[in-house]
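> full-length UniProt numbering applies: residue 1 is where the sequence shown begins, and numbers increase by one. Glycine included, C-beta positions come from ideal geometry on N, C-alpha and C. Computed from a predicted structure; not experimentally measured. Provided herewith is a single structure, encoded as structure tokens, for subsequent inquiry.
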Amino acid sequence: MARTRKKNYYRLTLQWIIVTLLAYMLVRPFVDRSYVADFEAYCPFGGLQALSSFLANNSLACSMTTTQIAMGLALLAGVFLFSKLFCSYICPIGTFTEWLSKQGKRFKMNIVISGIADRLLRLLKYALLFVTFYYSVSSSELFCKTFDPYYAVFSGFSSDVVMSYAVMALLLAIPGSFFVRQFWCKYICPLSAASNIFSFGFVFLGIVALYAVLTAGFGLSIGWIWLLGALCLAGVILETTRLKFGIFPVVKVTRNADTCTSCRLCDKACPMAIKISDIPKVQHIDCHLCGDCVTSCPEPETLQFSKRRINWLPAAATVALVALGLAFASVTDIPTISQKWGDAEQMENAAVYRQSGIKSVKCFGSSMSFANHMRELPGVLGVEAFVSDNSVKIYYDPAVTNETAIKEFIFTPVSRVIAAPAQNISRVAMAEFAVDKFFDPSDAGLLAIKASQQPGILAFETMFGEPVHTLVYFDSTLVSADEISRIIEEKKVKWEVDGDPREATTGFKVASVEPKRALNLKSYLEKMYEPVVMTFNGFENFDSTRTAGVLLPFPAAADPSLNDMPWYLLSHISNNRGVVKFEVIPSDTGFVLGLVYIPEMTGRDEIIRQLNEPELKVHLSDGSTQTFRNPYKF
Ligand code: SF4
Ligand code: SF4
């Protein structure tokens, strides 16, 4: 009678939890349009690359956080103690390719590669490991995103993915795993190669220690690429010649030969095609302690983990390591970049200022730009930037500078026009708001969105202060200073980008409001709008006796949504050789378009006809010509 194979519920439960979480992340954007799934949020392989990048360059990959690094360290600890638990219990590629292999087996199309072919194929994952780490550490960007089949599929082939690499990886992973048991894990996966190097514990630690002694102890200049190369080479040699690990991982599957009936159910159950039924303990390099063999064995206490009845241990250890990793991440702060240019003595006596809410610090490049900017302030000795919470640490010499000077140096004033004034308005009201929790230009961006949703708010400017001061210009017939305070303090900001709803939370708090004297409309327009004026077509060749002027109301010039359109109109009208000057003039009744022309070459009616043409013919800076829809009517 055929025996029913028992299921490994510990492993199945964890795998289904991961699949359910991924399904949730895929589905949620359909009901919550503001949700952006981060499929790399807990990736230990990305974490290992990020940690290497940080150790080699003092910088982290942009999208990498302490959480991923903590997951990488948890994986390392897991490999030393228990084997490749991530591969077995968590990795979505492992779960999917294992299911594919089972289908191949069902259709009797599954083969096991052995001998020299098996050993040669194992080289591939070390080559990919070397290339991945080389490019990730060199560029401080995650190279694995370019080809990772999991990331490619779940991110919908995002812009980080290189299509040809990802398609090649998918072609290897899907048919490969259908025909060959765990093809991806055994032969291609660079994380599997890294895990195997860790499992050669003493060799791994020995190479790292030797590198540390030679570089830090003896001061030799040996590039990190030699360490990477040595680790990969050691992994290749040990894996292809021995195919087994030694003392590490500490926990291993053991077989009691006295009670074993040689039924070989364990061999059939093993997803890695390891022959368990005739060895006393499993030391095969491919074993990831999944426990399927232990569960499938019909003889009590024949297959165990290190001769103990602890079938729950690998799954429990996986959960514990993830929990420890998350706890470690919550109390550890690894900077995206750490740049120190003060000497040892200066750094020892340096004071530290931490500023949060720098939302413009959002990746490696912007962190480096920030550090380079701070180098220009005398007395600043170093910068650490933390992309994960948009904060920075500034190291400075307190004898040369202070916190206020640093804060002012970081601050970027913003001037933003929100809406055009109504046509009947003659004065623009002003009020100055001192706003807490408002510092970064992106805060000003969120304030602009809030302001654009309230009729009557015309513009604002931010000025450095403790807290930052925001001067708001508004139409007092449509909105009051109190209403503006309420709008500034609203927690949620909602807007749309190409029909996609977006949402953000702000914590702005109005500390004080100071009404200011209203400005007349002309002064307001002069203050908030860039002048648009230019002479052309040989203006200087005509004295005033040969020219005439046209003045036309031009209220639409104040519409901020039309951006550069006044300049496009200027370019368009310059096609009339008789027009020699174009100026958008602020006045007490709004903007006026002023044109100077040569009556012997053109006339007022011709000019107005051209200003009302449906398309503007615009000369671009590269010498080409382009047409744009004309939004204006005169
Ligand atoms: S030997 Fe056992 S624990 Fe190891 S991979 Fe195979 S089935 Fe899993
Ligand atoms: S260890 Fe268990 S499953 Fe494997 S051959 Fe022996 S009795 Fe069968």
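#1: Alpha carbon to alpha carbon, how far is T97 from Y151? Give it in angstroms, no decimals.
#2: I need the straight-line Cα distance from K510 to I406, nearest angstrom please.
#3: Where do the ends of the beta strand (DSSP E) carrying W495 lie?
#4: Pull up the distance between the alpha-carbon of V596 and that of H619, whole angstroms please.
#5: Can you name, in chain order, every residue of its own chain whose Cβ lies under 6 Å from the Cβ of M272, other than the five neighbours on each side?
#6: Whose CA, out of W184, Q49, T67, lies closest to the CA of P92?
#7: For residue 638, count neighbouring Cβ atoms within 10 angstroms of its own Cβ and tell me buried if that reaches 16, exposed if not.
#8: Ordered along the chain, which non-local residues of its own chain (more than five positions away) have a Cβ less than 8 Å from that of E142?
#9: Just to confirm, is the Cβ distance from I337 to S367 under 8 Å?
#10: Run the CB neighbour count on M109, radius 10 Å, all protein chains shown included, and call it buried at 16 or more, exposed below.
#11: If S192 and K125 are in contact, beta carbons under 8 Å, what's the gap, nearest whole angstrom?
#12: Out of curiosity, what's the CA-to-CA distance linking Y35 and R309?
#13: Quick one, what's near ligand 2 if you take every residue whose CB is closer than 7 Å to any heavy atom, in chain order?
#14: Do D389 and S356 have their C-beta atoms within less than 8 Å of each other?
#15: Looking at the strands, I want to know which residues DSSP matches up with F305.
#16: Taking the C-alpha atoms as reference points, what is the distance between M1 and Q304?
#17: Does E514 come out as helix, strand or coil in the three-state DSSP assignment?
#18: Around the C-beta of I222, are 16 or more other C-beta atoms found within 10 angstroms, so that it is buried, or is it exposed?
#19: Ligand 1 and G291: does any heavy atom of the ligand fall closer than 7 Å to the residue's C-beta?
#20: Should L289 and F80 be called a contact, given that it needs their Cβ atoms to be closer than 8 Å?
#21: Figure out for me which residue from S624, L21, I116, P44 has the closest Cα to the Cα of G325.
#22: Run through DSSP, which three-state label would I237 get?
#23: If I measure Cβ to Cβ from L22 and keep anything under 8 Å in the same chain, skipping five residues before and after, which residues do I get?
#24: Could you tell me the distance, in whole angstroms, from the CA atom of T240 to the CA atom of I394?
#25: Helix, strand or coil for D292 per DSSP?
#26: Near T470, which residues of its chain fall below 6 Å by C-beta distance, leaving aside the five closest residues on each side in sequence?
#27: What is the rounded straight-line gap between the Cα of E345 and the Cα of D397?
#28: Out of curiosity, what's the CA-to-CA distance linking L321 and A350?
#29: Quick one: Cα of L100 to Cα of D498, how far?
#30: Heavy atom of ligand 1 less than 7 Å from the Cβ of D288, yes or no?
#31: If you measure from the CB of E271, is any heavy atom of ligand 1 nearer than 7 Å?
#32: According to the neighbour-count rule (16 or more other Cβ atoms, all chains shown, within 10 Å of its Cβ), is S296 buried or exposed?
#33: Name the two residues that bound the continuous alpha helix (DSSP H) containing L447.
Answer, in terms of the structure:
#1: As a first step, residue 151 must be located in the sequence shown, where it is residue number 151. As a first step, residue 97 must be located in the sequence shown, where it is residue number 97. For Y151 and T97, the distance between alpha carbons rounds to 15 Å.
#2: Taking the sequence shown and counting its residues from 1, the one referred to as residue 510 is at position 510. Taking the sequence shown and counting its residues from 1, the one referred to as residue 406 is at position 406. The displayed chain sequence assigns Val, not Lys, to residue 510. Whole-angstrom Cα-Cα distance: 23 Å.
#3: Reading the sequence shown from its first residue, position 495 is the one you call residue 495. Start and end: 492-497.
#4: Within the sequence shown, residue 596 is the residue found at index 596, counting from 1. Within the sequence shown, residue 619 is the residue found at index 619, counting from 1. Using only the alpha carbons, I get a separation of about 20 Å.
#5: In the sequence shown, the residue the question calls residue 272 occupies position 272. Excluding positions up to five away in sequence, the list reads Q182, D286.
#6: Walking along the sequence shown from the start, residue 92 turns up at place 92. It is W184.
#7: Residue 638 is absent from the structure shown; the chain starts at 1 and stops at 634.
#8: Translated into positions along the sequence shown, residue 142 becomes position 142. Note that residue 142 is Leu in the sequence shown, not Glu. Counting only Cβ-Cβ distances below 8 Å, and skipping sequence neighbours, we find E40, G46, Q49, A50, A61, S63, M64, S136, D160.
#9: Position 337 of the sequence shown holds residue 337. Position 367 of the sequence shown holds residue 367. Yes; because the gap between Cβ atoms is below 8 Å, this pair is in contact.
#10: Your numbering for residue 109 matches position 109 in the sequence shown. Exposed, since its Cβ has fewer than 16 Cβ neighbours within 10 Å.
#11: Sequence index remark: in the sequence shown, residue 192 carries index 192 (1-based). Sequence index remark: in the sequence shown, residue 125 carries index 125 (1-based). Confirmed, about 6 Å.
#12: Locating residue 35 in the sequence shown gives position 35, where the first residue counts as 1. Locating residue 309 in the sequence shown gives position 309, where the first residue counts as 1. One C-alpha to the other measures close to 44 Å.
#13: R255, C260, T261, S262, C263, R264, L265, C266, D267, I276, S277, C293, S296, C297, P298, E299, T302, L303
#14: To locate residue 389, count along the sequence shown from 1; it is residue 389. To locate residue 356, count along the sequence shown from 1; it is residue 356. In contact: D389 and S356 (Cβ atoms closer than 8 Å).
#15: As a working note, residue 305 is residue 305 in the sequence shown. Its beta-bridge partners are V253, R308.
#16: As a first step, residue 1 must be located in the sequence shown, where it is residue number 1. As a first step, residue 304 must be located in the sequence shown, where it is residue number 304. Any reading at M1 is ruled out, since the residue's pLDDT is 47, under 50, leaving its predicted position unreliable.
#17: Your numbering for residue 514 matches position 514 in the sequence shown. Three-state DSSP puts E514 in a strand.
#18: If you number the sequence shown from 1, residue 222 lands on position 222. Counting Cβ neighbours within 10 Å, I222 comes out exposed, since fewer than 16 surround it.
#19: Translated into the one-based positions of the sequence shown, residue 291 becomes position 291. Under cutoff, so the answer is yes.
#20: Taking the first residue of the sequence shown as position 1, residue 289 is located at position 289. Taking the first residue of the sequence shown as position 1, residue 80 is located at position 80. Cβ distance not < 8 Å, so L289 and F80 don't count as in contact.
#21: In the sequence shown, counting from the first residue as 1, residue 325 sits at position 325. Answer by Cα proximity: P44.
#22: Counting from 1 along the sequence shown, the entry for residue 237 is found at position 237. Correct three-state label for I237: helix.
#23: Numbered from its first residue, the sequence shown carries residue 22 at position 22. So the qualifying residues of the chain are F39, P92, F154.
#24: Taking the sequence shown and counting its residues from 1, the one referred to as residue 240 is at position 240. Taking the sequence shown and counting its residues from 1, the one referred to as residue 394 is at position 394. Their backbone Cα atoms lie some 49 Å apart in a straight line.
#25: The count along the sequence shown starts at 1 and reaches residue 292 at position 292. Looking at D292 - three-state DSSP - the assignment turns out to be helix.
#26: Counting from one through the sequence shown, the residue named residue 470 turns up at place 470. Excluding sequence neighbours, T470 sits near F433, V435, F460, T462.
#27: The residue labelled residue 345 in the question sits at position 345 within the sequence shown. The residue labelled residue 397 in the question sits at position 397 within the sequence shown. E345 and D397: Cα-Cα distance of roughly 11 Å.
#28: As a first step, residue 321 must be located in the sequence shown, where it is residue number 321. As a first step, residue 350 must be located in the sequence shown, where it is residue number 350. If you take the alpha carbons of L321 and A350, they lie about 37 Å apart.
#29: For this step, residue 100 is matched to residue 100 along the sequence shown. For this step, residue 498 is matched to residue 498 along the sequence shown. Spanning the two alpha carbons is a distance of roughly 39 Å.
#30: Numbered from 1 along the sequence shown, position 288 holds the residue referred to as residue 288. Checking the sequence, you will find His at residue 288 rather than Asp. Yes, ligand 1 has a heavy atom inside 7 Å of this Cβ.
#31: What you label residue 271 is simply residue 271 of the sequence shown in a count that begins at 1. Contrary to the premise, residue 271 reads as Pro rather than Glu in this sequence. Yes; taking the cut-off as 7 Å, the Cβ of P271 has a heavy atom of ligand 1 nearer than that.
#32: By one-based count along the sequence shown, residue 296 stands at place 296. Counting Cβ neighbours within 10 Å, S296 comes out buried, since at least 16 surround it.
#33: Translated into the one-based positions of the sequence shown, residue 447 becomes position 447. 441-452 is the span of the alpha helix (DSSP H), which, as asked, contains L447.
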